[in-house]
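Asker: A single structure is presented below for examination.
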Amino acid sequence: MVMDPSGYDPPVGLPTKVRIENLSYWYGDRLSLRDITLDIPANAITTLIGPTGGGKSTLLRLINRLNDLLEDTRMVGRIVLDGQDIYAPEVNVSELRRRVGIVFALPLPLPGTVRENVLYGPKLAGIRDPARLDEILVRSLNQAALWDEVKNRLDEPAHALSGGQQQRLCIARSLAMEPEVLLLDEPTSGLDPISTGKVEESLFALKKHYTIIMVPHSIQQAARVADYAAFFLGGELVEHQPGRGIFTAPKDKRTEDYITGRFG
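Right, here's the structure in full:
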């Protein structure tokens, strides 16, 4: 059951923000994703669930174009953001990555202070106005549920924060660029339960403003946060439906076996 304490339920019939069309992807001769078609609705949390090796993280990387420089890879199909093929020749990859942020399992704060971490992207983008930078700093840390914990530590080294705080700082750093889509690859896998809870609480607020695509670290987490869930197995998309449905009445026996712990 979805357990969003904010009481926010995404409206029925949300527009599609990201569309995956007949996508297949190879690392050398190894097929990682097989003919995936999937609509990701705006302003909701879509979780990608399934055993390790199912292609979930690869899909996140392709949406952010992080695999562009990898050799001996091949992709067919399309990934569309707001109607635009993100692999079209005219697409500016830097602008795409501003619109589509990504946070990984291991917190990777930049060298420098908490303030410098959050404001790195905006300053790189040319924002210099102190009032505007302060607004970005406070907004981003609030959205990541971190402001109250670090508001008196903004000029301390980011690496002095706890692991859970560092992960929320990485989320804040991504949010500082005001992305439209936030990709999260097991963002709480190394965190304690309290820190995990704080990250999840921040997601419930963030989905009102952002489209979130997340690989959760457990099926239990997926059940807590998912508005929609897509089950991947061996590079194939087995089924995709609202979270309440997939965790209470899966349509495919393989999905049922996975969410009840028979494998995975």
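Take 176 as the starting number for the sequence shown in our numbering and just add one per residue. C-beta atoms are modelled at their ideal positions from N, C-alpha and C, and glycine is treated no differently.
(1) When you compare only the Cα positions, how much space is there between residue 280 and residue 264?
(2) Below 8 Å on the Cβ atoms is my contact criterion, and I expect residue 223 with residue 234 to pass it. Report the Cβ-Cβ distance as a whole number of Å.
(3) Taking only three categories from DSSP, how would you classify residue 377?
(4) Once you ignore the five residues that flank residue 218 on each side, which residues in its own chain have a CB closer than 7 Å to its CB?
(5) Are the beta-carbon atoms of residue 417 and residue 402 separated by less than 8 Å?
(6) Work out the CA separation of residue 261 and residue 253 for me, nearest whole Å.
(7) Are the region 191-201 and the region 362-381 in contact at 8 Å, needing three or more beta carbon pairs?
(8) At what residue ranges does the region 336-423 contain a whole run of the alpha helix (DSSP H), taking only runs of 4 or more?
(9) With DSSP run on the structure shown, which of helix, strand or coil describes residue 296?
(10) Does the count of Cβ pairs from the region 318-332 and the region 352-372 closer than 8 Å reach three?
(11) Mind checking who residue 259 pairs with in its DSSP beta bridge?
Answerer: In short:
(1) The count along the sequence shown starts at 1 and reaches residue 280 at position 105. The count along the sequence shown starts at 1 and reaches residue 264 at position 89. So the two alpha carbons sit approximately 31 Å from each other.
(2) Here residue 223 is taken as the residue at index 48 of the sequence shown, counted from 1. Here residue 234 is taken as the residue at index 59 of the sequence shown, counted from 1. Indeed they touch by this definition, with Cβ atoms about 7 Å apart.
(3) For the purposes of this step, residue 377 is identified with residue 202 of the sequence shown, where counting begins at 1. Under the three-state reduction of DSSP output, residue 377 falls in the helix class.
(4) Locating residue 218 in the sequence shown gives position 43, counting from the first residue. Contacts found: 185, 189, 382, 383 and 386.
(5) For the purposes of this step, residue 417 is taken as residue 242 along the sequence shown, with counting starting at 1. For the purposes of this step, residue 402 is taken as residue 227 along the sequence shown, with counting starting at 1. In this structure, residue 417 sits near residue 402, with a CB-CB distance shorter than 8 Å.
(6) Taking the first residue of the sequence shown as 1, we reach residue 253 at position 78. Taking the first residue of the sequence shown as 1, we reach residue 261 at position 86. If you take the alpha carbons of residue 253 and residue 261, they lie about 8 Å apart.
(7) Two segments are said to touch when three or more pairs of C-beta atoms, one from each, lie closer than 8 Å; by this definition the region 191-201 does not touch the region 362-381.
(8) Segments of the alpha helix (DSSP H) lying fully in the region 336-423: 338-350, 368-381, 394-400 and 418-423.
(9) Working through the sequence shown from its first residue, we reach residue 296 at position 121. Three-state result, residue 296: helix.
(10) Counting C-beta pairs with one atom in each stretch, the region 318-332 and the region 352-372 have fewer than three that are closer than 8 Å, which means they do not touch.
(11) Position 84 of the sequence shown holds residue 259. Partner(s): 256.
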